[in-house]
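Protein sequences, first through last, are from chains Y and X.
Numbered by our numbering, the letters in the first sequence go through residues 582 to 738 in order.
Numbered by our numbering, the letters in the second sequence go through residues 25 to 666 in order.
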Amino acid sequence: MALGFTLAVFGGALAVVLGGIGSAIGVGLAGQASSGVMSEDPGKFGSLLLLVALPGTQGIYGFLSAFLVMLKLGLVGEALKSVSVYQGWQILIACFPVAFAGLVSGIHQGKVCASGVYMVAKQPKDLMKPVIMAALVETYAVLGLLITILLLSGIQL
Amino acid sequence: MSIAQVQKVQVVAHSGVKMEVLSALQEEGLVQVERTDFEELGLNSSSVDVYQLEHNLYRLSHALDYLSRWDETGFAKKLFAQKPQMKREKKDEALWFDYLSVLNEVEKIETKKNELLSELKFLKKEMEFLDPFKGLELPLGLLKPTETTEVLIGSLLVSRYEDLQKISGEEGLWYEVVSRDKRRFYLLLVYHKQERERIEQILRELHFAPFYFTEPVQITEPLLSKTEEQDRVKDVMRKIDEEMQVKREMLEELEKEEKKLFEHREQLMRVHDVLLNEKERIFCTSLLGETERVVYLEGWVCSSDVKELKSKLQPYSEVTELYFRDPLPEEDPPVILENPKPGKPFELITKLYGLPQRGSFDPTLLLAPFFFLFVGLCVSEAGYGLLVALLSFLFIKFAKPRGGLLQFLKLLMLLGISTVILGTLVGGWFGFPVRPLMILDPLQNPLSFLYLALALGFIQVWFGTLLSMVNSLKNRSYLQALFVQGGWLLLLPSLVLYLAKRGSIWGILSLAGAAGIVLFASPSRNPFARFFGGLYSLYDISRYLADVLSYSRLLALGLATTVIAMVVNNLCQEALGIPWVGWLIAALIFVGGHLFNLGISFLGGFVHSMRLQFVEFFSKFFKSGGSPFKPFELKSKFVEFI
């Protein structure tokens, strides 16, 4: 039983860690690019912030999946649930979509946002276009989140 | 939901009224002036000189920027502040104000202030330089070489001090430590003139840094001019201090004058905007065709504005002639979107993608209901919706924004309302679900919500295909419309029903739809190529499937908002357990957490709903590429023309 519980906790942690890494790298890339642009034109802070913040969602998706795992395990509020080894594996694997899709899409979304930052530097009026491009990458993190949520809600404890 | 009719207008006027006519056109802002086809008319384009105007505009905006630090309106007030207003017909009165002398005044003060500031900086440097020697009680007049001795002051690194001590005994060198700090000793040195070269060589090796007090070098030069023979370092420093005091007072005087000039700011703003439009007007003349007596202008005007334009140019009717005609097939007139009031804010989304091509139609009203619904589902948090709707309403009411910003705020308000409705139905109020009002709880029953999202997606994709059929009909490709697009329209719903219910009638209908596609999708005349090409295009079913599945994001984003709101409330509950300050920390977490969630969920909802319009919906039927209508009108930066 203890092993099952540990595996489930591992799943939640993995979702936060990998999603967080993806977002951190992504936001970092976009942030560096925007600092470069702002050194020339400090007035762009507001519009660039949007592009820098965009790859941050993967981390949030991971966080929120981990929270759902915690709810499921009774780590928040109520008494702890008992988890069999199989159920533990199930929860761990259910966390994979959001974790891995978040890791990779966060990094790539960061790259798209960084090039979007350069675009906004030259075409300030076209801010929403790179935002949409970045959202195209984010789709896969959203789909990962979706499947994780569906899997988690399907696993019976 | 349409594109407004646009007409070409041609104005021929007597040269004498050129500027008056342009002025009238600019005030009305109804016409987009086009460059005259000079080659066709056999005319030369005239060049314009706006250098002086541009120079003055630059001076004005610089002065306004410089004076803006006296602006004492608070941040909140500034946010809701309205621009000063100016009547269109009275705009030239702004130029009666003697702005040039105010500009001269401002520039004079700025130069003087900069001079004073740099002088003060220099004096401060001098003080810093003298400070270590202030303990030196000798009059500076004595610090001069005599017949047999040399005098030198300077500093030495702490680490070299021991070396100096060693040599001083034997070399005929005498020194005194005036002061020391962490890194350096500040010294007064006296040595024999005969030994001069040798000692100075040693000092160089010790990296001794001499201050040539008595010889005029760089920084000490102005210092020396203030120094008298009997002055000690302390006295010099006092003198410098007095000088700095005087300069500071002068600076304060100038600041007062500057503050007085700030009163003219509004007048300067008016002048700036009037001159800005004068520049635009002069610039516009370079687009006109001109002979000695006659000037020719051509441009685009919205058909519904023709009457107004005519009446506006009535005063010049004796010396002007107006011609109107519909655009020629080879011309590319600008596109003006025309929508009823509630649909107007959604034009922003269409414009972002690109304006429709000529002969196409405006998709704004077609996407509006979907977009409205999708953002509500993605955010699905009624409390946030209420906040956003309320804030945008207040901003519209008090700041009275215009143009694009107003439309954007209206859009936000509408989306806020949608979020309130859908948030109550499928989400909650700040993380607390109101169960009696809910039709579906996505946390309890995510699958039903998923089906709902996919159903909405199916409807929009099907609708998009229907619109593409309309396009084909318009282009007179009837077979394509009836059998291919018609085939899809039949195949998609009947296939879904067949998979769900297994009724044979649905199966037959799907096959019929598929048959239409297989037989007519390929344009080839070779029957084999035609058949296999058609079969291949049936493979598009995977694209339709992907499009519909893409709408599952509605569920994911909606759930994300709900769960994060719950997390925030959970954290609040935990924080309440902290003794004494628990309620304060809980309140901070509640406000901060929900604001954060509001930000990311609206951003996500907006962006992803937009993507669904662009990628899944527009790709079926919409072609952009129209150019926007840019009327020749009054531009404003600081004031508002009424």
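Glycine included, every Cβ here is placed at the ideal spot set by N, Cα and C.
Here the structure is a predicted model, which is why all the values come from computation and not from measurement.
Does residue i pass the burial test, meaning 16 or more other C-beta atoms within 10 Å, or should it be called exposed?
i      : result
X:G10  : Here chain X covers residues 25 to 666 and nothing more, so residue 10 of chain X does not appear.
X:K102 : exposed
X:K434 : buried
Y:A611 : buried
X:H231 : exposed
X:D329 : buried
X:D386 : buried
X:F656 : buried
X:Q31  : buried
X:S92  : exposed
X:T585 : buried
In three-state DSSP terms, what is residue i?
i      : result
Y:M714 : helix
X:E354 : coil
X:K115 : helix
X:L478 : helix
X:K659 : coil
X:S70  : coil
X:P603 : coil
X:G383 : coil
X:M110 : strand
X:F665 : strand
X:E139 : helix
X:T315 : coil
X:R554 : helix
X:G623 : helix
X:Q468 : coil
X:Y320 : strand
X:F121 : coil
Hey, how far is the Cα of residue i from the Cα of residue j?
i      : j      : result
X:P240 : X:V257 : Since pLDDT at X:P240 reaches only 43, below the 50 mark, its modelled position is unreliable, and the value read off the structure follows with that caveat. Whole-angstrom Cα-Cα distance: 16 angstroms.
X:P457 : X:G407 : 11 angstroms
X:P358 : Y:Q639 : 42 angstroms
X:E152 : X:V270 : 19 angstroms
X:A570 : Y:G725 : 15 angstroms
X:L124 : X:N621 : 52 angstroms
X:S280 : X:F286 : In the sequence under discussion, the amino acid at residue 280 of chain X is Lys, which differs from the Ser named in the question. If you take the alpha carbons of X:K280 and X:F286, they lie about 10 angstroms apart.
X:K303 : X:L337 : 22 angstroms
Y:K692 : X:F417 : 37 angstroms
X:F662 : X:P108 : 7 angstroms
X:H296 : X:L81  : 6 angstroms
Y:S665 : Y:Y721 : 31 angstroms
X:K137 : X:G98  : 26 angstroms
X:S528 : X:A538 : 15 angstroms
Y:W670 : Y:L599 : 18 angstroms
X:P339 : X:K42  : 13 angstroms
X:G2   : X:R526 : The shown model of chain X, from 25 to 666, leaves out residue 2 of chain X, and the question about it has no answer.
X:V450 : Y:G592 : 28 angstroms
X:A545 : X:V494 : 16 angstroms
X:M437 : X:E342 : 50 angstroms
X:R549 : X:G557 : 11 angstroms
Y:L630 : X:F614 : 24 angstroms
Closer than 8 angstroms by beta-carbon distance: list the chain X residues that pair up with residue i, in chain order.
i      : result
Y:L717 : R635, V639
Y:V657 : N594
Would you mind telling me which residues of chain X sit closer than 7 angstroms to residue i, beta carbon to beta carbon, in chain order?
i      : result
Y:Y642 : A584
Y:L734 : Here residue 734 of chain Y is Ser; the residue named in the question, Leu, does not match the sequence. Going along chain X in sequence order, the residues near Y:S734 (Cβ under 7 angstroms) are P470.
Y:I713 : V631, M634, R635, F638
Who are the neighbours of residue i on chain Y, taking C-beta pairs under 9 angstroms?
i      : result
X:G629 : Near X:G629 there are no residues of chain Y at all, since even the closest Cβ is about 11 angstroms away, more than 9 angstroms.
X:I588 : I641, F644, L645, F648
X:I624 : A634, G637, T638, I641
Against residue i, what residues of chain Y qualify as contacts under a CB-to-CB distance less than 7 angstroms, listed in chain order?
i      : result
X:L376 : M709
Is any beta-carbon of chain C found at less than 8 angstroms from that of residue i?
i      : result
Y:I730 : You won't find chain C in this structure, because its protein chains are Y and X.
List, in order along the chain, the chain Y residues whose C-beta lies closer than 8 angstroms to that of residue i?
i     : result
X:I59 : At residue 59 of chain X the sequence reads Arg, which differs from the Ile that was named. Residues of chain Y passing the Cβ test: none, with the nearest at roughly 23 angstroms.
For a contact meaning CB atoms closer than 9 angstroms, what does residue i contact in chain X?
i      : result
Y:V723 : S576, R577, A580, L581, A584, G628, H632
Decide if the segment 34–53 of chain X is in contact with the segment 396–406 of chain X; the criterion is three or more beta carbon pairs, one per stretch, under 8 angstroms apart.
-> No, they do not touch.
Flag this pair as touching only if the segment 371–388 of chain X and the segment 648–661 of chain X have three or more C-beta atom pairs under 8 angstroms; answer yes or no.
-> Contact check between the segment 371–388 of chain X and the segment 648–661 of chain X: three or more CB pairs, one atom from each, fall below 8 angstroms, which counts as touching.
Can you find at least 3 beta carbon pairs, one from the segment 205–224 of chain X and one from the segment 110–117 of chain X, that sit closer than 8 angstroms?
-> At 8 angstroms Cβ cutoff, the stretches do not touch.
Validate contact between the segment 483–493 of chain X and the segment 509–529 of chain X using beta carbons, cut 8 angstroms, 3 pairs | Counting Cβ pairs under 8 angstroms, three or more are found: they touch.
Below 8 angstroms, can you find three or more Cβ-Cβ pairs linking the segment 165–175 of chain X to the segment 183–191 of chain X?
-> Counting C-beta pairs closer than 8 angstroms gives fewer than three between the segment 165–175 of chain X and the segment 183–191 of chain X, which falls short of the contact rule.
Are there three or more Cβ pairs, one per stretch, closer than 8 angstroms when the segment 436–451 of chain X is compared with the segment 459–467 of chain X?
-> Yes, they touch.
With a cut-off of 8 angstroms, do at least 3 Cβ pairs link the segment 55–73 of chain X to the segment 311–327 of chain X?
-> As far as the Cβ criterion goes, the segment 55–73 of chain X touches the segment 311–327 of chain X, which means the pair count is three or higher.
Between the segment 684–699 of chain Y and the segment 614–627 of chain Y, are three or more C-beta pairs nearer than 8 angstroms?
-> Yes: at least three Cβ pairs fall under 8 angstroms.
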